[in-house]
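Residue numbers (the working numbering): 7 to 469.
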C-alpha cells in the first residue's frame, strides 16, 4: 500500500476522537509554547517598566496583522491540499502549497519594506502613546525584519497540519518558542539590551523556526514546494483567497480591534493622567496574554479538527465530520474550564506574575475576571468556525469570523467606553464573547440537524 493510500486509510478509518486528539495535541502544544513565550516576553519586558511592557501590546497588534496574511494563505491552501490528497492527486496539492508559499514570502518582503519606511507613524497608528513609542519602534523594527519568515513559517505549519503531520508542524514552532524564551533572558537580563534585545530574540527565533519547518516539509510532506509547481491559474489563487478569507477576517479584525482597544485605553486613561494611559494599555496587554493562553488550548484542539473535517467531508464521510465536531466542542470546553476557573478565582494573583504596579493591578484584576467568564462561550464558535472553513463553506465561516472581533466587538467597544469610560475597556471583549457564543448556537444546531448522519461508501461515490 503506497503512502497516499495509507494516509487515506488513516484519515477515514481511525476513530475520530483519537484522530482529533492525535492531531490536536501537537497543535495545542505549539500554541501553548507560543503563548508561554508571549507571556515570558511580557514578563521580561515588564521588568523594564510599564511603558516598555505596553509596547508588547502594541506589537501584538502588528503580529496579528502579519499572522492574518499567513493564516489566510496557510489555511486557504491547506484545505485544498487536504482535498486533493483525499482525491489522491499529489501534483495538484503541490501546486496549492507552492503558490501560497512563494506568494507569502513576496508579501512579507513588501510589508517589511513599507513598515520600516514609515515606522514611527505606523506604531502610532497601532495605538502607541508618546512614552511607549521609543520602545515600540525598537521591537517593531525586528518584527518587520522577520515578517517574511513568519508568514512562510505559518504557511508551512498549517500545510503540514492539513497533511495530518501535526507532530512535525509542532517541532518547528516549539523549537522557535523555546529558543525565543532563552534569548529573552540572555539579551534582556545578561546583555542589558532591553526591548531591542527582546525584538532581536523574536526575529532570530522566527528565522530558525522557518528553517526547521522547511527542512521537515521537504522530508515528510506528500506534497512538494518548488518554483516549478507555482500555478499560473488565477482560479487557484482565487480559491486560496476565498477559503482563507475567514482566517484573514478573524486575525485581521483581531489586530484592528486590538489597536482600537489600545487607542481607547490610552485616550480614556489620559483623561485621568499620562500614567493611567500607559497603565490601562499595560493592564490589557497582560489580560490578553493570559486570556490567549487559556483560549489557545481550545484553538489547538479545533485546529486538530480541521484536517479531519476537510479530508472526511471531501471523502463524503459525513458522520465522521459530525462526530469530530462534537468531540472537539466537548474537549475544548473542558480544557477552558480547567484552565480558566483558577484564573477567575484569583485574577489579581495571575496578573501580579507579570506586573506589580498597583495602578496596573487595580485595572487588570476585574478585566481578568470578566475575560474568563467570556472564555466559557468560546467553544461554541471557534470549532464551528474552523469546521466550516475546512469543509470549504467560506461564506458561513467568514460570517462567524466577523462576529467576535468585528460585527460585535467593535460596536460594543465604542458603546461601552462612551457609557462607562475605562470600565468599558474591561467589559467589551467578554460581552462580545458571550454574544458570539449565543449567536453561534443555533447555527451549530442547524449543522447537526441538516448534515447527513451516514458515511457514503466508496462504491456509492462512483458515478
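Just so it is clear, CB atoms sit at the ideal spot from N, CA and C, and this is done for glycine as well.
Item to check | Which of helix, strand or coil DSSP assigns to residue 93 | outcome: Reading the chain shown from its first residue, position 87 is the one you call residue 93. Three-state DSSP puts residue 93 in coil, outside helix and strand.
Checklist entry - Alpha carbon to alpha carbon, what distance is there between residue 294 and residue 129? => result Within the chain shown, residue 129 is the residue found at index 123, counting from 1. Within the chain shown, residue 294 is the residue found at index 288, counting from 1. If you draw a straight line from the Cα of residue 129 to the Cα of residue 294, it is about 19 angstroms long.
Checklist entry - My guess is that residue 153 and residue 72 are in contact by the Cβ rule of under 8 angstroms, so how many angstroms apart are they, rounded? => result In the chain shown, residue 153 corresponds to position 147, counting from 1. In the chain shown, residue 72 corresponds to position 66, counting from 1. About 5 angstroms separates the two Cβ atoms, so the contact holds.
Item to check | Three-way DSSP call (helix, strand, coil) for residue 281 in this model | outcome: In the chain shown, residue 281 corresponds to position 275, counting from 1. Three-state result, residue 281: helix.
Item to check | Selection from 109, 285 and 430 that minimises the alpha carbon distance to residue 243 | outcome: Within the chain shown, residue 243 is the residue found at index 237, counting from 1. Of 109, 285 and 430, the residue nearest in Cα terms is 109.
Checklist entry - For residue 114, which residues of its own chain have a beta-carbon under 6 angstroms away from its beta-carbon, when the five flanking residues on both sides are left out? => result The count along the chain shown starts at 1 and reaches residue 114 at position 108. 153, 154 and 157.
Checklist entry - Using CA coordinates, which residue listed in 329, 411, 439 and 345 is at the minimum distance from residue 454? => result Here residue 454 refers to the residue found at position 448 of the chain shown. For residue 454, the nearest C-alpha among the options comes from 329.
Checklist entry - Can the beta-carbon of residue 312 be found closer than 9 angstroms to that of residue 82? => result Here residue 312 corresponds to residue number 306 of the chain shown, with the count starting at 1. Here residue 82 corresponds to residue number 76 of the chain shown, with the count starting at 1. For residue 312 and residue 82, no; Cβs fall outside 9 angstroms.
Checklist entry - How about residue 204: is its C-beta nearer than 9 angstroms to some C-beta of chain C? => result Going by chain labels, chain C is absent from the structure shown, which holds only one protein chain.
Checklist entry - What three-state label does DSSP hand residue 248 in the structure shown? => result Position 242 of the chain shown, counting from 1, holds the residue named residue 248. Correct three-state label for residue 248: helix.
Checklist entry - What is the rounded straight-line gap between the Cα of residue 409 and the Cα of residue 415? => result Start at 1 with the first residue of the chain shown, and residue 409 comes out as number 403. Start at 1 with the first residue of the chain shown, and residue 415 comes out as number 409. Using only the alpha carbons, I get a separation of about 8 angstroms.
Item to check | Cβ shell of residue 394 (< 7 angstroms), same chain only, five flanking positions each side left out | outcome: Here residue 394 refers to the residue found at position 388 when the chain shown is read from its first residue. Closer than 7 angstroms at the Cβ level, and outside the excluded window around residue 394, lie 402, 403 and 406.
Item to check | Rounded C-alpha distance that separates residue 58 from residue 88 | outcome: Walking along the chain shown from the start, residue 58 turns up at place 52. Walking along the chain shown from the start, residue 88 turns up at place 82. So the two alpha carbons sit approximately 43 angstroms from each other.
Next on the checklist: Along the chain, where does the alpha helix (DSSP H) containing residue 347 start, and where does it finish?
Outcome noted: As a position in the chain shown, residue 347 is number 341, starting the count at 1. Start and end: 324-351.
Checklist entry - How big is the Cα-Cα spacing for residue 321 and residue 94? => result Taking the first residue of the chain shown as 1, we reach residue 321 at position 315. Taking the first residue of the chain shown as 1, we reach residue 94 at position 88. Straight-line Cα distance between these residues: approximately 11 angstroms.
Checklist entry - What is the rounded straight-line gap between the Cα of residue 132 and the Cα of residue 62? => result Along the chain shown, one-based indexing puts residue 132 at 126. Along the chain shown, one-based indexing puts residue 62 at 56. Taking the straight line joining both Cα atoms gives about 11 angstroms.
Checklist entry - Buried or exposed: where does residue 507 fall if 16 or more other Cβ atoms within 10 Å of its Cβ makes it buried? => result The displayed coordinates of the chain run from 7 to 469. Any statement about residue 507 would go beyond what the structure contains.
Checklist entry - Rounded to a whole number of angstroms, what is the C-alpha to C-alpha distance between residue 427 and residue 444? => result Locating residue 427 in the chain shown gives position 421, where the first residue counts as 1. Locating residue 444 in the chain shown gives position 438, where the first residue counts as 1. Separation of residue 427 and residue 444 (C-alpha to C-alpha, rounded to the nearest whole angstrom) is 26 angstroms.
Checklist entry - Between residue 365 and residue 282, is the Cβ-Cβ spacing less than 9 angstroms? => result For the purposes of this step, residue 365 is identified with residue 359 of the chain shown, where counting begins at 1. For the purposes of this step, residue 282 is identified with residue 276 of the chain shown, where counting begins at 1. Result yes, Cβ atoms of residue 365 and residue 282 sit closer than 9 angstroms.
Checklist entry - Along the chain, where does the alpha helix (DSSP H) that runs through residue 366 open and close? => result Here residue 366 refers to the residue found at position 360 of the chain shown. It spans 364-381 - the alpha helix (DSSP H) in which residue 366 sits, taken as one unbroken run.
Checklist entry - For residue 359, which of 23, 21, 18 and 51 has the nearest alpha-carbon? => result The sequence position of residue 359 within the chain shown is 353, counting from 1. Selected option, being the one with the closest Cα: 51.
Next on the checklist: In this structure, how does DSSP classify residue 61 when only helix, strand and coil are distinguished?
Outcome noted: By one-based count along the chain shown, residue 61 stands at place 55. If DSSP states are grouped into helix, strand and coil, residue 61 belongs with the helices.
Next on the checklist: Below 8 angstroms on the Cβ atoms is my contact criterion, and I expect residue 300 with residue 267 to pass it. Report the Cβ-Cβ distance as a whole number of Å.
Outcome noted: For this step, residue 300 is matched to residue 294 along the chain shown. For this step, residue 267 is matched to residue 261 along the chain shown. Going by Cβ atoms, the distance from residue 300 to residue 267 rounds to 18 angstroms, so no, they are not a contact pair.
Item to check | First and last residue of the uninterrupted alpha helix (DSSP H) at residue 169 | outcome: As a first step, residue 169 is located in the chain shown; it is residue number 163 there, counting from the start. Counting along the chain, residue 169 sits inside no alpha helix (DSSP H), nor does DSSP assign it H or E at all.
Checklist entry - Considering residue 321, what are the terminal residues of the alpha helix (DSSP H) in which it resides? => result Numbered from its first residue, the chain shown carries residue 321 at position 315. From DSSP, residue 321 is part of no alpha helix (DSSP H); its letter is neither H nor E.
Checklist entry - With a Cβ-Cβ cutoff of 9 angstroms, do residue 305 and residue 34 count as a contact? => result On the chain shown, position 299 is the one that residue 305 refers to. On the chain shown, position 28 is the one that residue 34 refers to. For residue 305 and residue 34, yes; Cβs fall inside 9 angstroms.
Next on the checklist: Going by beta-carbon coordinates alone, are residue 558 and residue 80 separated by less than 9 angstroms?
Outcome noted: Shown here, the chain extends from 7 to 469; a query on residue 558 therefore has no answer.
Next on the checklist: Check this for me: beta carbons of residue 434 and residue 422, under 9 angstroms apart or not?
Outcome noted: Within the chain shown, the letter at position 428 stands for residue 434. Within the chain shown, the letter at position 416 stands for residue 422. Yes, the pair counts as a contact, with Cβ atoms nearer than the cut-off.
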